[in-house]
């Protein structure tokens, strides 16, 4: 992030998102290309942010461990 944040900020990492299988008629926002190597890079960037901002909480949130229908889940390789 290009600016200092004065309120508590916890980086958030998303695995991906596509709610079209559940709501195919509505226009939906998509997060695509959810490949394991990208997820690893995003986690590293979140950790780097925490390391570079010691005054912020040391917490990274991860969206949806088990949203199978939306393609937003963590699974073993």
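Residue numbers (my numbering): 409 to 485.
Think of the CB as a built atom: it goes at the ideal place given N, C-alpha and C, for glycine as much as any other residue.
It should be emphasised that the depicted structure is a prediction, and the values quoted were computed from it without experimental measurement.
Sub-8 Å separation of residue i and residue j beta-carbons
i, j, result
"residue 418", "residue 465", "yes"
"residue 477", "residue 432", "no"
"residue 423", "residue 472", "yes"
For residue i: DSSP bridge partner residues
i, result
"residue 481", "474"
"residue 421", "470"
Cβ-based neighbour list, residue i, same chain, cut-off 6 Å, excluding 5 preceding and 5 following
i, result
"residue 470", "421"
Neighbourhood of residue i by C-beta distance below 8 Å, restricted to the same chain and skipping five residues each side
i, result
"residue 447", "421 and 423"
Cβ neighbours of residue i in the same chain (closer than 7 Å, five flanking residues each side left out)
i, result
"residue 475", "481"
"residue 467", "418"
*Those runs of the alpha helix (DSSP H) which lie wholly inside the stretch 442-468 and span at least 4 residues*: Here the runs fully enclosed are 444-460.
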